[in-house]
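Right, one structure below, let's go through it.
Numbering (the numbering used here), first residue to last: 191 to 268.
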């Protein structure tokens, strides 16, 4: 839903569960050993998740945002 710089930029992952429980918003980050992983930022209604992604993109034009629809809330990138 948002394309950033090819080789850089923060990656946000929005998992839309298509229900009243809302969306899961994750951010990709490195651990202390340099391995990439996913940190759950929060669960929030879809409109709020979209607003948070728009604000983040306004601060970081290199931001990537990916949306997945999965009723179980499974992160396929873990």
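Every residue, glycine too, gets a C-beta built ideally from N, C-alpha and C.
With distances taken between CB atoms, is the gap from residue i to residue j smaller than 8 Å?
i           : j           : result
residue 216 : residue 226 : no
residue 228 : residue 203 : yes
residue 250 : residue 199 : yes
residue 214 : residue 259 : no
State the beta-bridge partners of residue i as determined by DSSP.
i           : result
residue 226 : 220
residue 265 : Partner(s): none; residue 265 has no beta bridge.
Taking the C-alpha atoms as reference points, what is the distance between residue i and residue j?
i           : j           : result
residue 276 : residue 255 : The structure shown does not extend to residue 276, since the chain is modelled only from 191 to 268, so the question has no answer here.
residue 246 : residue 233 : 16 Å
residue 237 : residue 221 : 30 Å
residue 262 : residue 235 : 16 Å
residue 205 : residue 252 : 20 Å
First and last residue of the beta strand (DSSP E) that includes residue i?
i           : result
residue 270 : What is shown of the chain runs 191 to 268, which leaves residue 270 out entirely.
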